[in-house]
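Notes follow the structure.
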Amino acid sequence: MNEVNIGNINLTDPVCLAPMAGFSSLPFRIMCKRFGSSYAPTELASARSVRFSGIDKSFRYMRIDPAREGISAIQLFGCEGEDFKAAILAIFEDPRLTGVSVIDINMGCPVPKVVKTHSGSFLMTDPCLAASIVSACKEAVRQAGRDTPVTVKTRIGFEASDKGCPELAKAVSEAGCDMLCVHGRTRPQMYSGEADLEAIALMREAVRPSGIPFFANGDITDGASAKHMLEVTGADGLMVGRAARGNPMVFEKILRELKGETYTPPTDKMRKELLMEELEGRLEYLPENIAVREMRSVMPFYVKGMDGAATLKTKLCRCNTVHEVREVLALE
Ligand SMILES: Cc1cc2nc3c(=O)[nH]c(=O)nc-3n(C[C@H](O)[C@H](O)[C@H](O)COP(=O)(O)O)c2cc1C
């Protein structure tokens, strides 16, 4: 893999954690970075809510820490350029968020609640609207006197029959977006079936004239699947989602295997310690009961495949305190 420039940002090994609502916590993103993820966007936050209700209401989705994350990226969803513009200017002005390195626009979310508002994957049906949103974001960046890159993450189509959405790719790249990432599934597929790499390749070709970097996403779990994705799609970089859940080491695995190096998987004890690291990281900004409750959907991924995993998962999902989690994991 070659290095990539997203606007003014240089990435040497362009493999990133894909944004995942409920999983892309700040401590998790920091761990992914340690194991090789170039950067990791936050989960999606509503541009309209940031515009009209202020930063505080959405802050929990946008929490960044440039000092520990390095490159930080906030993902916004919405359906109107003015909402994005106002949200971005508010983000730049907030002392907690002003250090953000990248603004990412969600054009792929398949959740009906989001699609109904003409946001997320709906934007694939209206490339003009999508382009106007990119232009508005770029305008906000210019107005703030910054050069923060604006990126887009989307899918291969809105309808089940779609085999790529090159019109959208072309529109957003011509509107000035600094990187496009495509997940190889259609909206109705959600996360089922296999990623369609040929459809991703079609969108890759559509942005080639603009010269912006293109990232591919879907079903990457190891060096072989990463290599296959790069070869078939001609992508410059990759995003990895589900394979990273409870498994931040997957970035080291992918990068080592791509370079033909051997990878030693972590022991169960190391994986349990990583679970605790994420939990304790969440305690830096959440009360204990909420941190543990929010980790209930995350913890099972850390113990997947261990001896007695089923029992461990059940017990972890009943925990209310950090002490209880430690006891279940039988850590000192
Ligand atoms: C639980 C979950 C939450 C997700 N949340 C987001 C999100 O907030 N923003 C986004 O762009 N994609 C989101 N995605 C999609 C992922 O970023 C990624 O595109 C998808 O999982 C396919 O990649 P994978 O096969 O490597 O998992 C989410 C996926 C999952 C499984």
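Heads up, the sequence shown is in this note's numbering, so the first residue is 3 and it goes up one at a time.
Just so you know, even glycine gets a beta-carbon here, dropped at the ideal spot from N, CA and C.
Quick caveat, the model's predicted, so the values are computed rather than measured.
Check, Outcome
"Cβ pair cysteine 183, methionine 109 closer than 7 Å", "no"
"Same chain, Cβ closer than 7 Å to valine 174, neighbours up to 5 away in sequence not counted", "Ala132, Ala133, Val136, Val154 and Leu182"
"Local Cβ density within 10 Å of arginine 206, reported as buried at 16 or more and exposed below that", "buried"
"Heavy atom of ligand 1 within 6 Å of arginine 320 beta-carbon", "no"
"Three-state secondary structure (DSSP) of proline 43", "strand"
"Chain-order list of residues whose beta-carbon lies under 6 Å from that of threonine 127 (same chain, five-residue window excluded)", "Phe160"
"Closest residue to alanine 177 among Gly56, Pro211 and Met192 (Cα-Cα distance)", "Pro211"
"With 16 other Cβ atoms within 10 Å as the buried cut-off, status of tyrosine 193", "exposed"
"Check whether aspartate 224 and lysine 255 have beta carbons under 7 Å apart", "yes"
"Whether threonine 188 touches aspartate 164 by CB criterion (7 Å)", "yes"
"For aspartate 270, three-class secondary structure by DSSP", "helix"
"Start and end residues, beta strand (DSSP E) containing glutamine 145", "From DSSP, glutamine 145 is part of no beta strand (DSSP E) but of the alpha helix (DSSP H) over 129–145."
"Environment of isoleucine 73 [buried if 16+ CB atoms lie within 10 Å]", "buried"
"Endpoints, alpha helix (DSSP H) assigned at serine 51", "49–55"
"Distance cut-off 6 Å: arginine 244 Cβ against heavy atoms of ligand 1", "yes"
"Where valine 300 sits in the DSSP three-state scheme", "coil"
"Any non-hydrogen atom of ligand 1 closer than 6 Å to histidine 230 Cβ", "no"
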